[in-house]
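**Student:** Here it is, the structure, as structure tokens.
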Amino acid sequence: MLQTKQKVLRSFYYPVMPIADLQDGPKPFKIMGENIVLWLDEEQKPAAAIDRCCHRTAKLSKGELRNGCIVCPYHGWSFNRDGKCTWFPQSELEDPPKVYKIQGYHCEERYGYVWVALAAPITELPKFRYSDNPEFRKVDEFYEVIHCAGLRLMENSFDVAHVNFVHKNTFGDVDNPKPPKVTITSNDWGFEAYMEIPVHNKLNQEVKALNMDADRTVRKQVSEWFMPFIRQTNITYPTGLIHSIVTCTTPIDDDTCQLVQFVYRNDREEDVPATSIIAFDRKVVDEDMEVLETTETNVSLDITKKLENHMLSDHPGILMRKMLLALLEKHGEQEVY
Ligand code: FES
Ligand SMILES: [Fe+2]
Numbered sequence: 001m002l003q004t005k006q007k008v009l010r011s012f013y014y015p016v017m018p019i020a021d022l023q024d025g026p027k028p029f030k031i032m033g034e035n036i037v038l039w040l041d042e043e044q045k046p047a048a049a050i051d052r053c054c055h056r057t058a059k060l061s062k063g064e065l066r067n068g069c070i071v072c073p074y075h076g077w078s079f080n081r082d083g084k085c086t087w088f089p090q091s092e093l094e095d096p097p098k099v100y101k102i103q104g105y106h107c108e109e110r111y112g113y114v115w116v117a118l119a120a121p122i123t124e125l126p127k128f129r130y131s132d133n134p135e136f137r138k139v140d141e142f143y144e145v146i147h148c149a150g151l152r153l154m155e156n157s158f159d160v161a162h163v164n165f166v167h168k169n170t171f172g173d174v175d176n177p178k179p180p181k182v183t184i185t186s187n188d189w190g191f192e193a194y195m196e197i198p199v200h201n202k203l204n205q206e207v208k209a210l211n212m213d214a215d216r217t218v219r220k221q222v223s224e225w226f227m228p229f230i231r232q233t234n235i236t237y238p239t240g241l242i243h244s245i246v247t248c249t250t251p252i253d254d255d256t257c258q259l260v261q262f263v264y265r266n267d268r269e270e271d272v273p274a275t276s277i278i279a280f281d282r283k284v285v286d287e288d289m290e291v292l293e294t295t296e297t298n299v300s301l302d303i304t305k306k307l308e309n310h311m312l313s314d315h316p317g318i319l320m321r322k323m324l325l326a327l328l329e330k331h332g333e334q335e336v337y
């Protein structure tokens, strides 16, 4: 599936940038192949618009701000968060003609990030478990470009069969490669997959992030999928520690995505410093990327030829794909390869 070609995927919110990155002025970003500009308006709320002036096509992200509007660096035309031209310095007119406008996009702040939807959103921003629970702290982990399709990375997040191979040096058990049983409950905009995974605790010997010394442990895991490119995996260890990972794979284009990852934990900085948590998940993410960045972007899970079904009858990736195809059909779209 070529994500940038599927119109309905423009109607979801995606996290694009830490809000703090806009404090020193407008910034460019590319989402689903579209160049956009992000800035903070007069109320310090994030705004997003096409990164192309409607006059002589200059890049607005090279401009500056004036009264919460983005000012084009070329001739100074200014645009508000709706894309309306609010200042037109070459004219005596107080109110610039309505045709002087650029495309504005839906833009919100949540969880410390700027979220953008390119078309009218058909669902709300995800509500993450533990996000408003005072017993949990949030640790921002990764904000980086990954050379892999967002959908591929999302599929991998629910691919229980890869764990014992890709992660054999950290928590996978290559001598016992049969995937765990998965119980899936679907909802309107995704699903929850529950599994119990016996794992090695090797990585914790190296990076003390779990605060437990046993050689092996068990992860009780509820992985939630928020259609199309967001996952929250809630891992509970026998000690009661909850390590809840939010992974977003915002599509930059069809071959590249922006990884946005943060975790919620029910322990304190004195128990495990944030640097150890980040170092632990860094290793895991690097193991995944070493394989994922070698895959072909546009090869989806094969649900028609049953290539995947032999792996596990209740493979969450198969449900993910079926739900995405149903979404396209509902919106009158064909899958684009
Ligand atoms: S190109 Fe933007 S004001 Fe002229
Ligand atoms: Fe993995």
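So for the sequence shown, full-length UniProt numbering puts the first residue at 1; every next one is plus one. We treat Cβ as the ideally placed atom computed from N, Cα and C, and that holds for glycine.
Buried or exposed for Met32, please, with buried defined as at least 16 other CB atoms from any protein chain shown within 10 angstroms of its CB.
**Tutor:** As a position in the sequence shown, residue 32 is number 32, starting the count at 1. With 16 or more Cβ atoms within 10 Å of its Cβ, Met32 is classed as buried.
**Student:** For Lys62, I'd like the list of residues in its chain whose CB is within less than 6 Å of its CB, leaving aside the five on either flank, ordered along the chain.
**Tutor:** Along the sequence shown, read from residue 1 onward, the residue named residue 62 stands at position 62. Counting only Cβ-Cβ distances below 6 Å, and skipping sequence neighbours, we find Pro73.
**Student:** Among the candidates Ala48, Met17, Val71 and Val291, whose CA atom is the shortest distance from the CA of Phe142?
**Tutor:** For the purposes of this step, residue 142 is identified with residue 142 of the sequence shown, where counting begins at 1. Considering only alpha carbons, the answer is Met17.
**Student:** Could you tell me whether any non-hydrogen atom of ligand 1 is closer than 8 Å to the CB of Gly104?
**Tutor:** Mapped onto the sequence shown, residue 104 falls at position 104. Gly104: no, Cβ never under 8 Å from ligand 1.
**Student:** With residue 340 as the anchor, note down where its beta strand (DSSP E) starts and where it stops.
**Tutor:** The structure shown has nothing for residue 340, since the chain only spans 1 to 337.
**Student:** For Ile230, collect the residues of the same chain with a Cβ closer than 6 Å to its Cβ; drop the 5 residues on either side in sequence, then sort them by chain order.
**Tutor:** By 1-based counting over the sequence shown, the position of residue 230 is 230. Cβ neighbours of Ile230 beyond the five flanking positions: Pro126 and Cys248.
**Student:** Taking contact to mean at least 3 C-beta pairs separated by less than 8 Å, is the region 258–276 in contact with the region 130–150?
**Tutor:** These segments touch.
**Student:** Cutting at 8 Å between CB atoms, please list the residues of its own chain near Phe226, excluding the five before and the five after it.
**Tutor:** What you label residue 226 is simply residue 226 of the sequence shown in a count that begins at 1. Only Pro126, Trp189, Gly190 and Gln232 meet the Cβ criterion.
**Student:** Give me the pocket residues for ligand 1, defined as CB within less than 5 Å of any heavy atom, sorted by chain position.
**Tutor:** Taken from the N-terminal end onward, the list reads Cys53, His55, Arg56, Ala58, Cys72, Tyr74, His75 and Trp77.
**Student:** Would you kindly report the start and end of the unbroken alpha helix (DSSP H) that includes Phe165?
**Tutor:** The residue labelled residue 165 in the question sits at position 165 within the sequence shown. Segment Val163 to Val166, the alpha helix (DSSP H) holding Phe165.
**Student:** Which same chain residues, not among the five before or five after Ile277, have their C-beta less than 6 Å away from its C-beta?
**Tutor:** Residue mapping note: residue 277 aligns to position 277 of the sequence shown, counting from 1. Within the same chain, Ile277 has close Cβ partners Val139 and Ala209.
**Student:** Starting from the N-terminal side, write out each stretch of the alpha helix (DSSP H) that is 4 residues or longer and does not extend beyond the region 124–207.
**Tutor:** The qualifying runs are 150–157, 163–166 and 202–206.
**Student:** Taking just the CA atoms, how far does Cys148 sit from Tyr337?
**Tutor:** Taking the first residue of the sequence shown as 1, we reach residue 337 at position 337. Taking the first residue of the sequence shown as 1, we reach residue 148 at position 148. Taking the straight line joining both Cα atoms gives about 16 Å.
**Student:** In this structure, what does DSSP give as the bridge partners for Met17?
**Tutor:** The residue given as residue 17 occupies position 17 in the sequence shown. Answer by DSSP bridge pairing, in chain order: Val114.
**Student:** With respect to 8 Å, is the separation between the Cβ of Glu287 and the closest non-hydrogen atom of ligand 2 below this value?
**Tutor:** In the sequence shown, the residue the question calls residue 287 occupies position 287. Within the cutoff, so yes.
**Student:** Closer than 8 Å to a non-hydrogen atom of ligand 2 - does that hold for the CB of Asn156?
**Tutor:** If you number the sequence shown from 1, residue 156 lands on position 156. Yes, the Cβ of Asn156 comes within 8 Å of a heavy atom of ligand 2.
**Student:** Below 8 Å CB to CB, which residues in the same chain sit around Arg66 once its five sequence neighbours on both sides are set aside?
**Tutor:** Locating residue 66 in the sequence shown gives position 66, counting from the first residue. Around Arg66: Ser78 and Trp87.
**Student:** Would you kindly check if the distance between the Cβ of Ala47 and the Cβ of Leu60 is under 9 Å?
**Tutor:** Within the sequence shown, residue 60 is the residue found at index 60, counting from 1. Within the sequence shown, residue 47 is the residue found at index 47, counting from 1. No, they are not a contact pair.
**Student:** DSSP state of Val285, grouped into three classes?
**Tutor:** Residue mapping note: residue 285 aligns to position 285 of the sequence shown, counting from 1. Note: Val285 maps to helix in three-state DSSP.
**Student:** Counting along the chain, where does the beta strand (DSSP E) carrying Ala48 start and finish?
**Tutor:** On the sequence shown, position 48 is the one that residue 48 refers to. Ala48 -> beta strand (DSSP E) spans Pro46 to Ile50.
**Student:** May I ask whether a heavy atom of ligand 2 can be found less than 8 Å away from the beta carbon of His200?
**Tutor:** As a working mapping, residue 200 is identified with position 200 in the sequence shown. No.
**Student:** Would you decide whether Arg10 is buried or exposed? Buried here means 16 or more other CB atoms lie within 10 Å of its CB.
**Tutor:** Position 10 of the sequence shown, counted from the first residue, corresponds to residue 10. With 16 or more other Cβ atoms within 10 Å, it is buried.
**Student:** Tell me the DSSP secondary structure of Arg268 in three-state form.
**Tutor:** On the sequence shown, residue 268 is found 268 positions in, with the first residue counted as 1. Coil.
**Student:** Around the C-beta of Ala20, are 16 or more other C-beta atoms found within 10 angstroms, so that it is buried, or is it exposed?
**Tutor:** Within the sequence shown, numbered from 1, the residue matching residue 20 stands at position 20. Classification of Ala20: exposed, given that the 10 Å Cβ count is below 16.
**Student:** Under 8 Å from any heavy atom of ligand 2, does the C-beta of Val263 make it?
**Tutor:** Here residue 263 refers to the residue found at position 263 when the sequence shown is read from its first residue. Every heavy atom of ligand 2 is 8 Å or more from the Cβ of Val263, so no.
**Student:** Return the chain-ordered list of same chain residues with a C-beta closer than 7 Å to the C-beta of Ser313, the five sequence neighbours on each side being excluded.
**Tutor:** Indexing the sequence shown from 1 puts residue 313 at position 313. Residue placement at Ser313 cannot be trusted, given a pLDDT of 49 that sits under 50; what the coordinates show is reported in the next sentence. Same-chain partners within the cutoff: there are none.
**Student:** Apart from the five residues on each side of it in sequence, which residues of its chain come closer than 8 Å, Cβ to Cβ, to Asp173?
**Tutor:** For this step, residue 173 is matched to residue 173 along the sequence shown. Excluding residues within five positions, the ones whose Cβ falls inside 8 Å are Asn164, Pro198, Val199 and His200.
**Student:** What are the residues that DSSP puts in a beta bridge with Trp225?
**Tutor:** Here residue 225 is taken as the residue at index 225 of the sequence shown, counted from 1. According to DSSP, Trp225 bridges with Phe191 and Arg231.
**Student:** Compute the distance between the beta-carbons of Lys202 and Phe171, then report whether it is under 9 Å.
**Tutor:** Here residue 202 is taken as the residue at index 202 of the sequence shown, counted from 1. Here residue 171 is taken as the residue at index 171 of the sequence shown, counted from 1. It is a contact, given that the beta carbons lie within the stated cut-off.
**Student:** Examine ligand 2 and report whether any of its heavy atoms sits within less than 8 Å of the Cβ of His331.
**Tutor:** As a position in the sequence shown, residue 331 is number 331, starting the count at 1. Because no heavy atom of ligand 2 lies under 8 Å away, the Cβ of His331 does not count as near it: no.
**Student:** Cβ of Val166 within 8 Å of any heavy atom in ligand 3?
**Tutor:** This structure does not include ligand 3; its bound ligands are ligand 1 and ligand 2.
**Student:** Whose CA, out of Ile245, Leu151, Glu135 and Ala161, lies closest to the CA of Glu269?
**Tutor:** Here the question's residue 269 lines up with position 269 in the sequence shown. Closest by alpha carbon: Glu135.
**Student:** DSSP three-state call for His331: helix, strand or coil?
**Tutor:** As a position in the sequence shown, residue 331 is number 331, starting the count at 1. His331 falls in the coil class under three-state DSSP.
**Student:** Using the Cα positions of Ala326 and Leu292, report the straight-line distance between them to the nearest angstrom.
**Tutor:** The sequence position of residue 326 within the sequence shown is 326, counting from 1. The sequence position of residue 292 within the sequence shown is 292, counting from 1. One C-alpha to the other measures close to 26 Å.
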